[in-house]
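Visitor:
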Amino acid sequence: MSERVPILQIGQVLLVSIQTDLDDQAVMLLQDDLAAMVVESGAHGVVIDITAVEIVDSFVGRMLATIASISRLLDAQTVVVGMRPAVAITLVELGLSLGGVRTALTLDKGLRVLEQAHAGAKGETDSSAPAGTGFEGIAPDAAAGQ
71 MSERVPILQI GQVLLVSIQT DLDDQAVMLL QDDLAAMVVE SGAHGVVIDI TAVEIVDSFV
131 GRMLATIASI SRLLDAQTVV VGMRPAVAIT LVELGLSLGG VRTALTLDKG LRVLEQAHAG
191 AKGETDSSAP AGTGFEGIAP DAAAGQ
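Below you can see the structure in the form of structure tokens.
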């Protein structure tokens, strides 16, 4: 039987850190567990850290897109962080661009993306960015990193 992937709650964000390559059963368990946790916790964001993932197949790639879609339907945004270049190349070669899935290079950047999305959804914006820069409503430190 497959091991369950732990899901940690940090404030209003759920963190999933995938530390091993997942078999199909583990992927399905993660999808079910995460959907249940989003509903139970009322989390507004999900971060999936795939830093330790070295290889992906089409099933795992579709799972990432499916989890993001399920979370969005349950009123939570998903960000995938820590994607290695080889994983990104493989996903593109498989024809899986993960449309609609937000990505960030690091966990810190992923948490900032979720924070900005949540603040924007609540109507809170940072007006310190100059108009017309494309960064209106984005915190200055985050805008500098884009």
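Position one of the sequence shown corresponds to residue 71 (the numbering used here), numbered consecutively onward. Glycine residues also receive a C-beta, built at the ideal position from the N, C-alpha and C atoms. Please read these numbers as outputs of a predicted model, since none were measured by experiment.
Should glutamine 186 go down as buried or exposed, given a rule of 16 or more other Cβ atoms within 10 Å for buried?
Guide: buried
Visitor: Give the range of the beta strand (DSSP E) segment to which glutamine 147 is assigned.
Guide: DSSP places glutamine 147 inside the beta strand (DSSP E), whose first and last residues are 147–151.
Visitor: Going by C-alpha to C-alpha distance, which of Ser139, Ser128, Arg154, Thr148 sits closest to glutamine 82?
Guide: Thr148
Visitor: So, at 6 Å on beta carbons, what are the nonlocal neighbours of glycine 152 in its own chain, with the 5 sequence-adjacent residues on each side left out?
Guide: Apart from sequence neighbours up to five positions away, the residues of its chain that approach glycine 152 with a beta-carbon distance below 6 Å are Asp119, Ile120, Thr121, ordered along the chain.
Visitor: Is the CB-CB distance between glutamate 124 and arginine 172 below 8 Å?
Guide: no
Visitor: Measure the Cβ-Cβ separation of leucine 134 and valine 108 and say whether it is below 8 Å.
Guide: no
Visitor: Name the DSSP bridge partner or partners of arginine 172?
Guide: Val149
Visitor: Could you give the first and the last residue of the continuous beta strand (DSSP E) run that contains glutamine 79?
Guide: 77–80
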